[in-house]
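Residue numbers 0 to 262, in numbering that gives the first Met the number 0, belong to the letters of the sequence shown in order.
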Amino acid sequence: MAKIYDCPEHHRLRVINKVDCEKLPTSFTYIDGYVRSANVPLPSTVMFPCSCEPGSPCGMNCECMSVPYYDADGLLCTDYPGPIYECNDMCGCSSDCPNRVVQRGNIIEIDIFRTKAKGWGASTRRQIRKGEYVCRYTGELLSNAEAEERHSHDTTYLFDLDKEVPDGNQPLFTIDARSYGNASHFFNHSCEPNMVIRAVYIDHLDPRLHELAFFAIRDITTGEELTFDYSPSADNVPRCAYDNGVSKFHCFCNTPRCRKFIF
0 MAKIYDCPEH HRLRVINKVD CEKLPTSFTY IDGYVRSANV PLPSTVMFPC SCEPGSPCGM
60 NCECMSVPYY DADGLLCTDY PGPIYECNDM CGCSSDCPNR VVQRGNIIEI DIFRTKAKGW
120 GASTRRQIRK GEYVCRYTGE LLSNAEAEER HSHDTTYLFD LDKEVPDGNQ PLFTIDARSY
180 GNASHFFNHS CEPNMVIRAV YIDHLDPRLH ELAFFAIRDI TTGEELTFDY SPSADNVPRC
240 AYDNGVSKFH CFCNTPRCRK FIF
């Protein structure tokens, strides 16, 4: 049995297979954080606290709220494309501060289910509002060189931490969710996705090691599959695999705007 029921969130997960006799891979271990490689340093930054009253939520005059990442209900302002800087442990604001969303953790109940053409997928057990936080992308935190060496022929689960990397530069670190990860391991691609991923900073400002968080870009109905676009731009995410320069991943999202190929 896959080591998925050992996690603290097991009560919010169900595994459903009405398609075949396939079971979850026994090599996959559910974690909600990271397994850090010895080649990945701890973040190296200086944190800056806000000046709000201790125990009170940040107000609109707080420096942490100078850019409105979230509204009063904690929903992402989806028109904002850049990184999100949440309040940190040095801030005096309360835990219910509107600028503390990702750090409060995932509260959405998710089903891991077997699809007919895409292997395993994930769906929501309740309605998700546009802009609502879903979960982080977790797994093994590797150096880019380690990731290249480990998965030279299959990079499907590799997610480069490149949201803050200048154009033309290579990212230094990668998240590998093949053997370790959370429900995001099972998120499939769609050419018309219902989620987007954003870089998030919580307890440090190191641009090499930002968090990756999924947010709904529209209202998602109960039972709907959770998807994101693996290739939203020329910088494919997750990193794609090619055979002699030719894409080898066909798309089965069957949406009206399907590109037929994922990569």
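Even for Gly, the Cβ is constructed at its ideal location relative to N, Cα and C.
key: Neighbourhood of Pro255 by C-beta distance below 8 Å, restricted to the same chain and skipping five residues each side   = Along the sequence shown, read from residue 1 onward, the residue named residue 255 stands at position 256. Cβ within range, chain order: Glu191.
message = Can you tell me which residues form a DSSP beta bridge with Ala212?
response = On the sequence shown, position 213 is the one that residue 212 refers to. Arg135 and Arg197, per the DSSP bridge assignment.
request  = Work out the CA separation of Glu62 and Asp161 for me, nearest whole Å.
outcome  = If you number the sequence shown from 1, residue 161 lands on position 162. If you number the sequence shown from 1, residue 62 lands on position 63. Approximately 26 Å, taken between the alpha carbons.
query = How long is the line joining the alpha carbons of Leu211 and Glu148, rounded to whole angstroms?
reply = By one-based count along the sequence shown, residue 211 stands at place 212. By one-based count along the sequence shown, residue 148 stands at place 149. Computed Cα separation, rounded: 23 Å.
request  = With a threshold of 16 other CB atoms inside 10 Å of the CB of Leu225, please say whether the residue is buried or exposed.
outcome  = Against the sequence shown, residue 225 aligns to sequence position 226. That one is buried.
Residue from Thr114, Cys57 and Asp31 whose Cα sits closest to the Cα of Glu21 = Residue mapping note: residue 21 aligns to position 22 of the sequence shown, counting from 1. The shortest Cα separation from Glu21 among Thr114, Cys57 and Asp31 belongs to Thr114.
inquiry  = Quick check: what's the CA-CA separation for Cys263 versus Gly91?
reply    = The chain is shown only over 0 to 262; residue 263 falls outside these bounds and no answer can be derived.
query = Is Ser122 helix, strand or coil by DSSP?
reply = In the sequence shown, the residue the question calls residue 122 occupies position 123. In this structure, Ser122 counts as strand in the three-state DSSP scheme.
request  = Below 8 Å on the Cβ atoms is my guess for Ile107 versus Val133; work out the distance and round it to an integer in Å.
outcome  = Translated into the one-based positions of the sequence shown, residue 107 becomes position 108. Translated into the one-based positions of the sequence shown, residue 133 becomes position 134. The C-beta separation of Ile107 from Val133 comes to about 6 Å, placing the pair in contact by the 8 Å criterion.
N-terminal and C-terminal residue of the alpha helix (DSSP H) that Arg149 is part of = For the purposes of this step, residue 149 is taken as residue 150 along the sequence shown, with counting starting at 1. Unbroken alpha helix (DSSP H) run through Arg149: Asn143 to Arg149.
task = Measure from the alpha carbon of Pro231 to the alpha carbon of each residue in Phe260, Glu139 and Pro170, then state which is nearest.
result = Here residue 231 refers to the residue found at position 232 of the sequence shown. Ranking the options by Cα distance to Pro231, first place goes to Phe260.
request  = Report buried or exposed for Pro97, applying the criterion of at least 16 other Cβ atoms within 10 angstroms of its Cβ.
outcome  = On the sequence shown, residue 97 is found 98 positions in, with the first residue counted as 1. Classification of Pro97: buried, given that the 10 Å Cβ count is 16 or more.
query = Using the C-alpha atoms, what's the distance from Cys76 back to Tyr69?
reply = Here residue 69 refers to the residue found at position 70 of the sequence shown. Here residue 76 refers to the residue found at position 77 of the sequence shown. Cα-Cα distance, rounded: 5 Å.
query = Would a C-beta distance cut-off of 8 Å place Tyr229 and His184 closer than the cut-off?
reply = For the purposes of this step, residue 229 is identified with residue 230 of the sequence shown, where counting begins at 1. For the purposes of this step, residue 184 is identified with residue 185 of the sequence shown, where counting begins at 1. Not in contact: Tyr229 and His184 (Cβ atoms no closer than 8 Å).
key: His188 versus Cys250: straight-line alpha-carbon distance, rounded   = As a first step, residue 188 must be located in the sequence shown, where it is residue number 189. As a first step, residue 250 must be located in the sequence shown, where it is residue number 251. Taken atom to atom, the span from the alpha-carbon of His188 to that of Cys250 is near 8 Å.
ask   = By the 10 Å Cβ neighbour count, where 16 or more other Cβ atoms means buried, how is Ser122 classified, buried or exposed?
value = Your numbering for residue 122 matches position 123 in the sequence shown. With a threshold of 16 other beta carbon atoms within 10 Å, Ser122 meets it and is buried.
inquiry  = What does the Cβ neighbour count give for Ala176, buried or exposed, with the cut at 16 atoms within 10 Å?
reply    = As a position in the sequence shown, residue 176 is number 177, starting the count at 1. Buried, since its Cβ has 16 or more Cβ neighbours within 10 Å.
request  = Would you list the residues sitting across from Glu224 in a DSSP beta bridge?
outcome  = The residue you call residue 224 lines up with position 225 of the sequence shown. The partner list for Glu224 (beta bridge, DSSP) reads Ser122.
message = If you follow the beta strand (DSSP E) that Thr25 is in, where does it begin and where does it stop?
response = The residue given as residue 25 occupies position 26 in the sequence shown. Per DSSP, Thr25 belongs to no beta strand (DSSP E) and is neither H nor E.
message = So, for Pro206: in the same chain, excluding its five sequence neighbours on each side, which residues have a beta-carbon less than 6 Å away from its beta-carbon?
response = Within the sequence shown, residue 206 is the residue found at index 207, counting from 1. Result list for Pro206: Glu163, in chain order.
ask   = Whose C-beta lies closer than 7 Å to the C-beta of Gly120 among residues of the same chain, with five residues either side of it excluded?
value = The residue labelled residue 120 in the question sits at position 121 within the sequence shown. Cβ neighbours of Gly120 beyond the five flanking positions: Phe112, Thr114, Phe185, Asn187 and Glu224.
key: Simplified DSSP assignment, three categories, for Arg103   = Counting from 1 along the sequence shown, the entry for residue 103 is found at position 104. It is helical.
ask   = By Cβ distance, which residues of its chain are closer than 7 Å to Arg217, with the 5 residues on each side in sequence left out?
value = Here residue 217 refers to the residue found at position 218 of the sequence shown. Here the set comprises Lys129 and Asn193.
query = In the DSSP assignment, what residue or residues form a beta bridge with Asp159?
reply = Counting from 1 along the sequence shown, the entry for residue 159 is found at position 160. Thr173, per the DSSP bridge assignment.
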